[in-house]
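**Q** Chains V and H are the protein sequences, given in the same order. Under this note's numbering, residue 420 is the last one in the first sequence; the count climbs by one each step, no gaps. Under this note's numbering, residue 1309 is the last one in the second sequence; the count climbs by one each step, no gaps. Glycine is no exception: its CB is placed at the ideal position from the N, C-alpha and C atoms. Below you'll find the structure I mean.
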Amino acid sequence: MSILLKNVKTASGDLVEIAFESGRFIEPKDASKEAQVIDGKGLTVIPGLVDLHTHLREPGKEDAETVLSGSKAAVSGGYTAISAMPNTNPVADTAGVVEQVYRLGQVHGICDVFPIGAVTVGQLGKSLAEMGAMNSSEAKVRIFSDDGNCVWDSLIMRRALEYVKSFDGLIAQHAEDPRLTHDSQMNEGVVSAELGLKGWPAAAEESIIARDILLSEHVGSRLHICHLTTAGGVELVRWAKARGIQVTAEVTPHHLLLTDEKARSYDPIYKVNPPLRTDRDVQALREGLADGTIDIVATDHAPHPAENKECEWAAAAFGMIGLETSLSITYLAMVKSGLMKLEDLLPKMAKNPAQIGRYEGHGELKPGNWANFALIDTSAIWKVERTGIVSKSKNSPFVGSELPVKVIKTFFRGNEVYSQ
Amino acid sequence: MTTHLLSIKDLTKENALNILDTAEELARITETPVKKLPTLRGRTIVNLFFEDSTRTRISFEAAAKRLSADVINFSAKGSSLSKGESLKDTALTLQAMGADGVVIRHPASGAAQRLADQKWMTGSVINAGDGTHEHPTQALLDAFTIRQHLKQSQGDLSGLRVAIVGDVLHSRVARSNVHLLEKLGAKVTLVAPPTLLPVAVESWKVAVRYDFDEELNEYDVVMMLRVQRERMDEAFFPSEREYSRRFGLNGERLSKLSKDCLVMHPGPMNRGLEISADSADSSKSVIVDQVRNGVAVRMATLYLLLGGN
């Protein structure tokens, strides 16, 4: 039976009708006469969001997050596709592990969970993981990353970029020169000098980005830069794109909003890798996202149990959760600030990531695609409450904040998977 | 400074002078045959040391005992950094024991502030050195010592020129001293190789010199910082010999200092590395006074934080 969604607005404010049947969008005129009608009065319909950078902690650290709890968190934030980073235990460096994660996502049926495979065995940077096998597996892995472990060895990086070309894969690089960031705790600058926390220099990120851009140009492969954080990194990506190099880049919501001034509290809720940078970097990231230098927003949703944050800064884990607040934070940073319109921002959270990951049927409200969408209230203001967090872990830096835009309902393949 | 002493940065100039003036009075009392005051009788002070520092611990212990407080020494070698008991659980334990004040030394920057900001315990927190952040009582006892020798133990330190020499990057003593000396009107010059200065040092209200010999005769105080030998392995400087030659206070440099210049060191010293034996033992050296004054300054801190109620 078809379902007809009436009285909803698009992101640009036009009233539309949306129809779907058997889990896929159809033309409204093709909807059957007895179609079930959903009244979406006052709400805005957006494509189901797509995240290319998610940590689900299963297998290995199920007390922090599971595929199920992460999926629930995702749909409560309007996401219908997430990409599980390989830093699990065991590491997702074999077809077996990526298939397990992929199947868990399918069994739960709340959203699509696309595993990202490790580039090297054990994410150790020494020898290539069997990326071909992961691609041929049921999970059809196309994105490979050693996640928090930068592929620092130039030769391994070159070979990885070349190797994945055969199946249209790409390498997602966490750009961090490990020699320049040993034991680093926060952005290196005025604040770190005063706080006595070991600095993580912007150059450690930018030097790897520069190297990888040149390698990508040399071998003609697709390169994706994870969580860009520095003004210099934005410049490098802009330069690479102008030269026609196949590089894409992401930015996280938290790096679009927060600066290293937050570290003055010594509250490790703000401890994240790469670190929060300066106001100048935040402005450059926003400009980069607005002008297309940065292709997508990715959450880097990183759940950690309470004890890993309820401690002194140096002992705490890096990372913050983000799936549930991503749309609101990005809206705050980009739309409220007047830099972008919502209709221009959404492709960076849905269409573009789906295109980069080759996630077919995702990212756009168009006939033939999966009926993945969310209904949002753009005039709502909501307060982030610790008790309201869906994720198993509560390490959000936005607890207590009042945020714009509320996700009211989320649909995955035509089924309602979240209702506020 | 009402409840805690976490950093010099939190103090106003008036707060700092109040501590120094109170320390003067307390120092006079402790010169009498009965070195004890009843002020903190019945109060419990815990020395919570996650890092070995016998000299700082016994200084605080002596200060607390001279104010008649009960002192518990809690040596928590296995901090949560080394997978021992967490800071939170330690704090909950101290709360259950009824600690009125906690003197904390910790290898992690910000540990004292975490202890004060979280609701794990209600007592006063005194930072006795947190990582590479601050060591406020050390700066206060240094200012006290400078004032004693160069300002007749009165007022601020305006007009004085102080050189802080050595590993500023990793030094909590340097950070606290930069803040306090600036508040008290002294002019600070940091002398170090660029590798041992923070990257954003230009945002500090100090002058920076890479050459120790430049203007050597113009300083009123030369404060030498301990340099750890293992820094050499991380390429902060090429060799002990080169470091000592360029940034050590040797006999030749000692002879070029102005007549009344004070030589200071927070201890423990690496004789022969950052300071030569003849410099450490010279008439210009007030290093032993620093240790003595530490007790008075820590008494004043405990008195002002805990004595009111």
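Using 8 Å as the cut-off, can you tell me whether the stretch 1145-1159 of chain H makes contact with the stretch 336-349 of chain V, which would need three or more C-beta pairs spanning the two stretches below that distance?
**A** Result no; under three Cβ-Cβ pairs closer than 8 Å.
**Q** Could you work out which residue in Asp295/V, Ile294/V, Arg211/V and Ser326/V is closest to Asp177/V when comparing CA atoms only?
**A** Nearest of Asp295/V, Ile294/V, Arg211/V and Ser326/V to Asp177/V, Cα basis: Arg211/V.
**Q** Can you give, in chain order, each stretch of the alpha helix (DSSP H) that sits fully within the stretch 1105-1132 of chain H and has at least 4 residues?
**A** You should have 1111-1117.
**Q** Is the beta carbon of Gly1267/H sitting closer than 8 Å to the one on Arg1057/H?
**A** No. Outside cutoff.
**Q** Out of Val384/V, Val390/V, Val407/V and Lys406/V, which has the shortest C-alpha to C-alpha gap to Val398/V?
**A** The displayed chain sequence assigns Phe, not Val, to residue 398/V. Selected option, being the one with the closest Cα: Val384/V.
**Q** If we require 3 or more residues per run, which beta strand (DSSP E) segments fall completely within the stretch 140-209 of chain V?
**A** Entirely contained in the stretch 140-209 of chain V, the beta strand (DSSP E) runs reaching 3 residues are, in chain order, 170-173.
**Q** Between Leu56/V, Ser393/V and Val407/V, which has its C-alpha nearest Ile329/V's C-alpha?
**A** When only C-alpha atoms are compared, the closest one is Val407/V.
**Q** Which bits of chain H does Val190/V rub up against, with CB to CB less than 7 Å?
**A** Per Cβ cutoff of 7 Å: Ala1200 and Ser1203.
**Q** For Ser1255/H, which option in Ser1283/H, Glu1031/H and Arg1114/H has the closest C-alpha, if you only look at C-alpha atoms?
**A** The option with the nearest alpha carbon to Ser1255/H is Ser1283/H.
**Q** Going by CA-CA distance only, name the one from Leu257/V, Arg222/V, Ala203/V and Ser396/V that's closest to Ala249/V.
**A** Checking every option, the nearest Cα to that of Ala249/V belongs to Arg222/V.
**Q** Examine chain H for any beta-carbon lying closer than 8 Å to the beta-carbon of Tyr163/V, and answer yes or no.
**A** Not closer than 8 Å to any Cβ of chain H, the Cβ of Tyr163/V fails to qualify, so no.
**Q** Is Tyr1210/H buried or exposed, if buried means 16 or more other CB atoms sit within 10 Å of its CB?
**A** Answer is exposed; the Cβ neighbour count stays below 16.
**Q** If we require 3 or more residues per run, which beta strand (DSSP E) segments fall completely within the stretch 291-364 of chain V?
**A** Within the stretch 291-364 of chain V, no complete beta strand (DSSP E) run reaches 3 residues.
**Q** Alpha carbon to alpha carbon, what distance is there between Gly1110/H and Asn187/V?
**A** In a straight line, the C-alpha of Asn187/V is about 16 Å away from that of Gly1110/H.
**Q** Rounded to whole angstroms, what's the CA-CA distance from Phe1236/H to Thr1195/H? Just pull it up for me.
**A** Approximately 5 Å between the Cα atoms of the pair.
**Q** Which value, in whole angstroms, describes the spacing of the CA atoms of Leu345/V and Met334/V?
**A** Their backbone Cα atoms lie some 8 Å apart in a straight line.
**Q** On the three-state DSSP scale, how would you describe Arg24/V?
**A** Arg24/V falls in the strand class under three-state DSSP.
**Q** With 16 other CB atoms within 10 Å as the buried threshold, where does Val1288/H fall?
**A** So Val1288/H ends up on the exposed side.
**Q** Do Ala129/V and Val141/V have their beta-carbon atoms positioned less than 8 Å apart in this structure?
**A** Not a contact, by the Cβ cut-off of 8 Å.
**Q** Between which two residues does the alpha helix (DSSP H) carrying Leu1313/H extend?
**A** One cannot answer for residue 1313/H here, as it falls past the ends of chain H, which runs 1001 to 1309.
**Q** With a threshold of 8 Å between beta carbons, is Leu1225/H in contact with chain V?
**A** Cβ-Cβ to chain V under 8 Å: no for Leu1225/H.
**Q** Should Met1097/H go down as buried or exposed, given a rule of 16 or more other Cβ atoms within 10 Å for buried?
**A** Exposed, because fewer than 16 other Cβ atoms sit within 10 Å of the Cβ of Met1097/H.
**Q** One question on the structure: do Glu1274/H and Met1223/H come within less than 8 Å of each other, judged by their Cβ atoms?
**A** Not in contact: Glu1274/H and Met1223/H (Cβ atoms no closer than 8 Å).
**Q** Start and end of the alpha helix (DSSP H) containing His255/V?
**A** Segment Pro253 to Leu257, the alpha helix (DSSP H) holding His255/V.
**Q** Check Ser1079/H in the structure and name its three-state DSSP category.
**A** Note that Ser1079/H scores 47 on pLDDT, short of 50, meaning its location in the model is unreliable and no value can be drawn from it.
**Q** Check this for me: beta carbons of Phe1212/H and Val1191/H, under 8 Å apart or not?
**A** In contact: Phe1212/H and Val1191/H (Cβ atoms closer than 8 Å).
**Q** Using DSSP bridges, identify the partner residues of Gln36/V.
**A** DSSP output for Gln36/V lists Ile3/V as bridge partner(s).
**Q** Straight-line CA distance for Leu289/V to Met1/V?
**A** One C-alpha to the other measures close to 40 Å.
**Q** Thinking C-alpha only, which one of Glu261/V, Trp239/V and Ile245/V is nearest Ala193/V?
**A** Of Glu261/V, Trp239/V and Ile245/V, the residue nearest in Cα terms is Glu261/V.
**Q** Can you tell me whether Leu1005/H is helix, strand or coil according to DSSP?
**A** Strand at Leu1005/H.
**Q** Alpha carbons only, please: which of Thr378/V, Arg386/V, Glu310/V and Ile389/V is nearest the one belonging to Thr1090/H?
**A** If we check each option's Cα against that of Thr1090/H, Glu310/V comes out closest.
**Q** Kindly list the residues whose CB is nearer than 6 Å to the CB of Met349/V, restricted to its own chain and excluding five residues on each side of it in sequence; keep chain order.
**A** Cβ within range, chain order: Leu49 and Val297.
**Q** Going by the beta-carbon positions, is the gap between Ile46/V and Ala11/V smaller than 8 Å?
**A** Yes, the pair counts as a contact, with Cβ atoms nearer than the cut-off.
**Q** Which value, in whole angstroms, describes the spacing of the CA atoms of Asn135/V and Tyr359/V?
**A** Roughly 13 Å between the two C-alpha positions.
**Q** So the alpha helix (DSSP H) Asp1021/H belongs to, where does it begin and stop?
**A** Per DSSP, Asp1021/H belongs to the alpha helix (DSSP H) from Lys1013 to Ile1029.
**Q** Hey, would you say Ala302/V sits closer than 8 Å to Gly319/V, going by beta carbons?
**A** Going by C-beta atoms, Ala302/V is nearer than 8 Å to Gly319/V.
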